[in-house]
Each structure stands twice: as C-alpha cells, then as structure tokens.
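Below you'll find the structure, written out as structure tokens, and then a few comments.
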Amino acid sequence: MNLNGIRAIYTFEMNRTRRTLMQSIISPVLSTSLYFIVFGTAIGSRMGEIDGVSYGAFIIPGLLMLSLLSESISNASFGIFFPKFSGTIYEVLSAPVSPFEIIAGYVGAAATKSLIIGVLILLTARLFVDYSIAHPFWMLAFLLLTALTFSLFGFIIGVWANDFQQLQVIPLMVITPLTFLGGAFYSINMLPEPWHTLTLFNPVVYLINGFRWAFYGVSDVHMGMSLGMTLMFLLICLGVVWWIFRSGYRIKP
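Each residue of the sequence shown is one higher than the one before, counting from 1 in the UniProt record's numbering.
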C-alpha cells in the first residue's frame, strides 16, 4: 500500500479546507447555530417535552445529522469532481496510486472535515441548549460511521457527475428532504397513520434515531435496527465503489 500517496491526497484536501476555512467550516457551523437560536431557544422554550427531553435538546441529534450528511457528501463529491473539472485529475491518475488509495485519501479527508464540523456544532449547541450524552461510545460510533458512509456516497456522486448541476441534484433533491422528513425536528410517533408507517421506509429515520438514542436513550425505532441500517448503507457504498473500479471504470474529466 502506498501510504505516501494516501497522505499526499489527504494533506492536499485538508490544506484546501484551511484555505477556505470560512466556507468549509465556519459557514455550516453558523448556519446550524441559527437553527438552535430559532428552534432551540425561541420556539423550544414554548414547547413541551418529547419523550422526556426538552424540545431544544431533542432536535440536536437531528440538526447534527442534517449537517453531517450534507457536509460529508459535499466535501467528498467536490473533492474528486473539481480535479476532473479543472483537468488536474491527470496528476492523480499518473501517480503510482491505486483506486483504493485514491478513495482512502479523498474519503478520509472528507470524513475528517465532517467530524470536525460535527464536534464544533456540538460545542456550539452547548451555548444555546443544555443537553447530555447518555452513551458517548455509541454517539462517537454513529458519528464516525455516518461521516464515513456519506463521504463514500459523496465520492460516488463526484465520480458520476459531469457538471455542477449533477453534483448538487442528489444532495438537494433527495438527501435534504429525506432528512427533514426523517424526524429531525419531531418524533415520528407523533404522526398519524398511514404517514407513520410510510416514514419507516425513509432510511434517514434510522440514522437520526440511532443518534438520538446515543444522546438520550430514547428512540422511535430499535437501536439495533438503526445500527444495522447504518452498516448496511456503508456496505452498499463500499460495494458500489468496488463495482465502479472492478468494472474498469476510470476517473477522468
């Protein structure tokens, strides 16, 4: 394994983040802080508890998951798409690095950036809402698995996309609506039938509820189901990436 190649790609991507600190890190943290101010402080103070948790604290896992999904996909997809767009991908393709090493570098950097954003959002939330973490290990596990899974998904989108419009269509038209409808701001047990049953077909429901269980020990679905769905998404993304390179597909402009 060419560790120097992985390190070079990873370092380049992390340096790009430092050069665009406002856009890459500060902007998503500030935008999520607005949700905490509006929903956690202003509206949350006028709402009752959900499953024994104050509304402001209840929405923290959902808001964190919303940022984590969007930033993981965005960082990974843009990281591999922009070299294709600018033509500098030839420098990577001509280097002695394998497809696995390319993926490890780009996906590792994207997941790292998402984890940094997630930790900053958790620290920022403390300024507005009082919360606790009942299961720190599982919280970190869900955080890491989600960042890794959707960074892989973003890498797939970046390889597939031929222009900036295709780069944005899946995150904006699919992931964001599924997150908002997946219980980020409410418990799905509050929904009447048949909407409650239909919501269970939304895969993001299991991500959000697994994360919420790690925080407060409450969930609308079984924690084992949430963990199983998260691992299944990871395996699907790994399978798609393996198939892309196994089929002889080449990353090219």
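Cβ atoms here follow ideal geometry from the backbone N, Cα and C, with glycine treated the same way.
Here the structure is a predicted model, which means the values were calculated and not measured.
Inter-residue Cα distance where the pair is residue i and residue j
| i | j | result |
| --- | --- | --- |
| S187 | T32 | 20 angstroms |
| I170 | F180 | 15 angstroms |
| E49 | F153 | 35 angstroms |
| D51 | R19 | 43 angstroms |
| I103 | P192 | 43 angstroms |
| L148 | I89 | 23 angstroms |
| E101 | L231 | 22 angstroms |
| V129 | P61 | 12 angstroms |
| L235 | A125 | 32 angstroms |
| Q23 | Y35 | 18 angstroms |
| W242 | R7 | 21 angstroms |
| K113 | I25 | 8 angstroms |
| G182 | L200 | 9 angstroms |
| P177 | A134 | 28 angstroms |
| H196 | D220 | 10 angstroms |
| V159 | I244 | 9 angstroms |
| H222 | G87 | 47 angstroms |
| I37 | S94 | 49 angstroms |
| G224 | R246 | 32 angstroms |
| F39 | L64 | 14 angstroms |
| C237 | L123 | 30 angstroms |
| I175 | Q165 | 15 angstroms |
| M47 | F58 | 11 angstroms |
| P136 | Y216 | 10 angstroms |
| G239 | F233 | 10 angstroms |
Of the listed residues the options, nearest to residue i (C-alpha basis)
| i | options | result |
| --- | --- | --- |
| I121 | P28, P136, R19 | P28 |
| I80 | T124, F155, I59, I60 | F155 |
| L66 | M232, Y216, A184 | A184 |
| L140 | A76, W160, I116, I9 | I116 |
| A214 | Y131, F201, F150, E101 | Y131 |
| Y10 | H135, I133, N75, L143 | N75 |
| S151 | L200, V92, L69, R7 | L69 |
| F85 | D163, F201, T197, A111 | D163 |
| M14 | T197, G105, V221 | G105 |
| R212 | G56, K113, P83 | G56 |
| I73 | F137, A109, N202 | A109 |
| N4 | L123, V92, F58, L30 | V92 |
| R16 | N2, F82, L64 | F82 |
| A111 | V204, P203, V38, E71 | E71 |
Inter-residue CB distance, residue i and residue j (contact presumed, cutoff 8 angstroms)
| i | j | result |
| --- | --- | --- |
| I157 | L167 | 7 angstroms |
| M190 | Y206 | The pair is not a contact, with the Cβ atoms about 17 angstroms apart (cut-off 8 angstroms). |
| L143 | G118 | 6 angstroms |
| S54 | A161 | Wrong, their Cβ atoms sit about 41 angstroms apart, outside the cutoff. |
| V97 | N2 | 5 angstroms |
| S226 | N202 | Not a contact, Cβ separation roughly 13 angstroms. |
Under the three-state DSSP convention, the category residue i falls into
| i | result |
| --- | --- |
| I25 | helix |
| I188 | helix |
| V218 | coil |
| V38 | helix |
| I133 | coil |
| I175 | helix |
| I50 | strand |
| M65 | helix |
| E193 | coil |
| A57 | helix |
| G210 | helix |
| L145 | helix |
| F201 | coil |
| N4 | helix |
| A125 | helix |
| G182 | coil |
Residue-chain proximity (residue i, chain C), Cβ-Cβ < 8 angstroms
| i | result |
| --- | --- |
| A110 | Protein chain content of the structure displayed is limited to a single chain, and chain C is not contained in it. |
Which whole runs of the alpha helix (DSSP H) in the stretch 78–116 are 4 residues long or more, in chain order?
89–93
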